[in-house]
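These notes are about the structure you will find just below.
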Amino acid sequence: MITEFAAAQWDLELDDLFLTIGHRFGRVELRRRMRDYVRGLLAPVARKNSWQLAEQAGHRTPDGLQHLLAGAKWEPDDIRDDLQEYVSDKLGEPGGVLIVDDTGFIKKGTISAGVQRQYSGTAGRTENCQIGVFAAYASTRGRALVDRELYLPKSWTEDPERCRTARVPDEREFATKGQLARHMVLRALASPLPITWVTADSAYGQDNRFRRMLEQSGVGYVLAVPKSQFSVGCSRIEGLFAQAPNEAWEKISCGDGAKGPRIYHWAAVRLPAVAEFDYQGEVPHRMRWALARRSISKPDEIAYYLAYAPLQVSVQELVRVAGARWAIEECFQAAKNECGLDQYEVRRYVGWYRHITLAMLAHAFLAATAHQAREKGAERVGRPGPSGSQWRRFGDSWQLVVPGPRTCADTEDDATR
320 MITEFAAAQW DLELDDLFLT IGHRFGRVEL RRRMRDYVRG LLAPVARKNS WQLAEQAGHR
380 TPDGLQHLLA GAKWEPDDIR DDLQEYVSDK LGEPGGVLIV DDTGFIKKGT ISAGVQRQYS
440 GTAGRTENCQ IGVFAAYAST RGRALVDREL YLPKSWTEDP ERCRTARVPD EREFATKGQL
500 ARHMVLRALA SPLPITWVTA DSAYGQDNRF RRMLEQSGVG YVLAVPKSQF SVGCSRIEGL
560 FAQAPNEAWE KISCGDGAKG PRIYHWAAVR LPAVAEFDYQ GEVPHRMRWA LARRSISKPD
620 EIAYYLAYAP LQVSVQELVR VAGARWAIEE CFQAAKNECG LDQYEVRRYV GWYRHITLAM
680 LAHAFLAATA HQAREKGAER VGRPGPSGSQ WRRFGDSWQL VVPGPRTCAD TEDDATR
């Protein structure tokens, strides 16, 4: 039950958020429309499009809210920057994880910016849809979406007239999802967000350029990779773990799910260092790992990861980061179900960014409010290998020992195999 005090507190905190971003909207009328739009996204409205949000706000027509998305002068990237600062303040803490993934938005027709028949992980099949690449931030305080980019297929970027009709900026060129992800990660690392780790699924983890960018940025990662991924000592990472002794597999929880702890068998092996990235002078300061996650009930189901981490990191910490990847799926579900992330009816490029950014802002507010409620509740209750290499036991983990560190050139060759 929501008390009058709780409702009043909600309004005060939401007003504080509006004051933080209000200067991004030049005119009073525009600020009011933004407030009405975000309040509508947070309200129990059946379908969060401009018509129903206008009804929720008491507007006679949706013209004002449609103008907010289509014609008004404000920059959604400015709101994104404010959003990242807000999430840092409310949810940020050491050990925070940045998660990259994409999601589909099913659409009809051919006019909406970036729409075409393409594979959507959301639908699990090829559909007529738009694809958005997103970054989420997760910590023990909560998780929220913090960046977004609309993927434009070549069928769009190679058709200038189609792009002009959808108001795609002239400077926007074709970029792969991996390139969009790299841009977002670099922005997030330059933001106030306290990011210690980056994680992503195999679509991004198998990208050698994505991994190199993270290494050059000095941030740790645990990235899923396909079983065919090249690894030191084997042409495929699955072959590396086929050599692991039975005692190398350990039951570890990678975090709580809807049905309790997500427990799997995990095996971890330390890989040789890369001289250009893993040393400071003559002293090593980073370590490389390969991990495997095996289903307890279905041992043939194995997922693989590559990791780049500080020297003293534990296997349990690597497992925690690997498990954090599911937080972005929870963000997608919550933002779509509760904040209308996918319920827009805009067709132009700028309209997509504006709606998506405001929906992300609404979702971040919910995440921050949920964390504050938990904190108040806690206060009340009190809170055999290849030639020259082999597997060896190393403390509480297993290590693949290969003579001498590799060079960056060696690993660049790896990517071509």
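For reference, each letter of the sequence shown is one residue, going 320 to 736 in our numbering. All C-beta atoms, glycine included, are put in the ideal place defined by N, C-alpha and C.
Notebook entry, point to check: Can you give the Cα-Cα distance for ALA678 and ASP466, rounded to whole angstroms?
Noted result: Taking the sequence shown and counting its residues from 1, the one referred to as residue 678 is at position 359. Taking the sequence shown and counting its residues from 1, the one referred to as residue 466 is at position 147. Approximately 11 Å, taken between the alpha carbons.
Checklist line | Span separating the alpha-carbon of ASP330 from that of LEU336 | finding: Residue mapping note: residue 330 aligns to position 11 of the sequence shown, counting from 1. Residue mapping note: residue 336 aligns to position 17 of the sequence shown, counting from 1. Rounded to the nearest angstrom, the two C-alpha atoms are 10 Å apart.
Checklist line | Proximity below 9 Å, CB of ARG456 to CB of ILE418 | finding: In the sequence shown, counting from the first residue as 1, residue 456 sits at position 137. In the sequence shown, counting from the first residue as 1, residue 418 sits at position 99. Sequence inspection shows Tyr at residue 456; the Arg mentioned does not correspond to that position. Contact flag set, yes.
Next item on the list: Could you work out which residue in ASN447, GLN599, VAL416, HIS682 is closest to LEU275 when comparing CA atoms only?
Entry: In this structure the chain extends from 320 to 736, so residue 275 is not present and cannot be described.
Notebook entry, point to check: For the candidate residues ALA567, GLU477, GLY383, whose alpha-carbon lies nearest to that of ASP355?
Noted result: Taking the first residue of the sequence shown as position 1, residue 355 is located at position 36. Comparing Cα-Cα distances from ASP355 to each of ALA567, GLU477, GLY383, the minimum goes to GLY383.
Check: Alpha carbon to alpha carbon, how far is LEU542 from ALA494?
Finding: What you label residue 542 is simply residue 223 of the sequence shown in a count that begins at 1. What you label residue 494 is simply residue 175 of the sequence shown in a count that begins at 1. Computed Cα separation, rounded: 21 Å.
Notebook entry, point to check: Using DSSP with H/G/I as helix, E/B as strand and the rest coil, what is ALA611?
Noted result: Here residue 611 refers to the residue found at position 292 of the sequence shown. Three-state DSSP puts ALA611 in a strand.
Notebook entry, point to check: From which residue to which residue does the alpha helix (DSSP H) around TYR540 run?
Noted result: Reading the sequence shown from its first residue, position 221 is the one you call residue 540. Unbroken run through TYR540 is the beta strand (DSSP E), 539-544; no alpha helix (DSSP H).
Note to self: Helix, strand or coil for GLU345? Go by DSSP, reduced to three states.
What the structure shows: By 1-based counting over the sequence shown, the position of residue 345 is 26. Looking at the sequence provided, one finds Gly at residue 345 rather than Glu. Note: GLY345 maps to coil in three-state DSSP.
Notebook entry, point to check: Below 9 Å between beta carbons: does that hold for ASP421 and LYS496?
Noted result: Working through the sequence shown from its first residue, we reach residue 421 at position 102. Working through the sequence shown from its first residue, we reach residue 496 at position 177. Yes.
Notebook entry, point to check: Do you know whose CA, among PRO511, ILE571, TRP671, lies nearest SER407's CA?
Noted result: Your numbering for residue 407 matches position 88 in the sequence shown. The candidate whose alpha carbon is nearest that of SER407 is PRO511.
Margin query: Using only the alpha-carbon positions, how far apart do MET503 and ALA646 sit?
Written below: Sequence index remark: in the sequence shown, residue 503 carries index 184 (1-based). Sequence index remark: in the sequence shown, residue 646 carries index 327 (1-based). Answer to the nearest angstrom: the Cα atoms are 17 Å apart.
Notebook entry, point to check: Which first and last residues belong to the beta strand (DSSP E) in which TYR523 is found?
Noted result: In the sequence shown, counting from the first residue as 1, residue 523 sits at position 204. From DSSP, TYR523 is part of no beta strand (DSSP E) but of the alpha helix (DSSP H) over 521-524.
Check: Is it a yes or a no for the segment 536-550 touching the segment 626-635, going by three-plus beta-carbon pairs under 8 Å?
Finding: yes
Note to self: Comparing C-alpha positions only, which one of CYS482, ALA683, TRP516 sits nearest to GLN403?
What the structure shows: Along the sequence shown, one-based indexing puts residue 403 at 84. Of the listed residues, the one whose Cα sits closest to GLN403 is ALA683.
Margin query: Tell me which residues share the same chain as PRO381 and place their Cβ nearer than 7 Å to its Cβ, disregarding the 5 neighbours each side in the sequence.
Written below: In the sequence shown, the residue the question calls residue 381 occupies position 62. Closer than 7 Å at Cβ, skipping near neighbours: SER369, TRP370, ALA373.
Item checked: Simplified DSSP assignment, three categories, for PRO629 -> Numbered from 1 along the sequence shown, position 310 holds the residue referred to as residue 629. Of the three classes helix, strand and coil, the one that applies to PRO629 here is strand, per DSSP.
Note to self: Here's the rule: buried if 16 or more other CB atoms are within 10 angstroms of the residue's CB, otherwise exposed. What is GLU694?
What the structure shows: Walking along the sequence shown from the start, residue 694 turns up at place 375. It is exposed - the Cβ of GLU694 has fewer than 16 other Cβ atoms within 10 Å.
Check: Which runs of the alpha helix (DSSP H) spanning at least 4 residues fall entirely within the segment 663-691, listed in chain order?
Finding: none
Margin query: Going by the DSSP bridge assignment, what does GLN435 pair with across the sheet?
Written below: Stepping through the sequence shown from its first residue, residue 435 is reached at position 116. DSSP, once it has assigned bridges, lists CYS448 as partnering GLN435.
Check: Would a C-beta distance cut-off of 9 Å place GLY428 and ALA442 closer than the cut-off?
Finding: Counted from its first residue, the sequence shown places residue 428 at position 109. Counted from its first residue, the sequence shown places residue 442 at position 123. Not in contact: GLY428 and ALA442 (Cβ atoms no closer than 9 Å).
Item checked: Segment limits, beta strand (DSSP E) that includes SER572 -> Within the sequence shown, numbered from 1, the residue matching residue 572 stands at position 253. Its beta strand (DSSP E) spans residues 569-576.
Check: Counting contacts by CB-CB distance shorter than 9 Å, is SER521 in contact with chain C?
Finding: Any reference to chain C falls outside this structure, which holds one protein chain only.
Next item on the list: Let me know the secondary structure DSSP gives SER554 once reduced to three states.
Entry: In the sequence shown, counting from the first residue as 1, residue 554 sits at position 235. Residue state, collapsed to three classes: coil.
Item checked: CB-CB length for ARG613 against TRP568, believed under 8 Å -> In the sequence shown, the residue the question calls residue 613 occupies position 294. In the sequence shown, the residue the question calls residue 568 occupies position 249. At roughly 7 Å, the Cβ-Cβ gap stays under 8 Å, so ARG613 and TRP568 are in contact.
Notebook entry, point to check: Should GLY433 and LEU387 be called a contact, given that it needs their Cβ atoms to be closer than 9 Å?
Noted result: Locating residue 433 in the sequence shown gives position 114, counting from the first residue. Locating residue 387 in the sequence shown gives position 68, counting from the first residue. Going by C-beta atoms, GLY433 is not nearer than 9 Å to LEU387.
Next item on the list: Rounded to whole angstroms, what's the CA-CA distance from GLN525 to GLY377? Just pull it up for me.
Entry: Numbered from 1 along the sequence shown, position 206 holds the residue referred to as residue 525. Numbered from 1 along the sequence shown, position 58 holds the residue referred to as residue 377. Spanning the two alpha carbons is a distance of roughly 50 Å.
Item checked: Buried or exposed (CB count within 10 angstroms, at least 16 for buried), ASP478 -> In the sequence shown, counting from the first residue as 1, residue 478 sits at position 159. Under this definition ASP478 is an exposed residue.
Check: From this set, ILE582, SER431, ALA689, which residue's C-alpha is nearest VAL665's C-alpha?
Finding: Along the sequence shown, read from residue 1 onward, the residue named residue 665 stands at position 346. Comparing Cα-Cα distances from VAL665 to each of ILE582, SER431, ALA689, the minimum goes to SER431.
Notebook entry, point to check: Distance, Cα to Cα, GLU557 vs ARG346?
Noted result: As a first step, residue 557 must be located in the sequence shown, where it is residue number 238. As a first step, residue 346 must be located in the sequence shown, where it is residue number 27. In a straight line, the C-alpha of GLU557 is about 59 Å away from that of ARG346.
Margin query: Run through the DSSP bridge pairs and tell me what GLY461 is partnered with.
Written below: Here residue 461 refers to the residue found at position 142 of the sequence shown. The partner list for GLY461 (beta bridge, DSSP) reads SER458.
Notebook entry, point to check: Buried or exposed: which applies to LEU338, given that a residue is buried once 16 or more other Cβ atoms fall within 10 Å of its Cβ?
Noted result: For the purposes of this step, residue 338 is identified with residue 19 of the sequence shown, where counting begins at 1. Exposed, by the Cβ-count rule.
Notebook entry, point to check: Using the beta-carbon count (16 or more within 10 Å), is GLU468 buried or exposed?
Noted result: Here the question's residue 468 lines up with position 149 in the sequence shown. That one is buried.
Check: What residue does the beta strand (DSSP E) around THR380 start on, and which one ends it?
Finding: Locating residue 380 in the sequence shown gives position 61, counting from the first residue. No beta strand (DSSP E) holds THR380; DSSP gives it neither H nor E.
Notebook entry, point to check: Where does GLY428 sit, in a helix, a strand or coil, going by DSSP?
Noted result: Here residue 428 refers to the residue found at position 109 when the sequence shown is read from its first residue. Three-state DSSP puts GLY428 in coil, outside helix and strand.
Checklist line | LEU361 to CYS573 span [Cα, whole Å] | finding: Here residue 361 refers to the residue found at position 42 of the sequence shown. Here residue 573 refers to the residue found at position 254 of the sequence shown. If I take the Cα positions, the gap works out to 31 Å.
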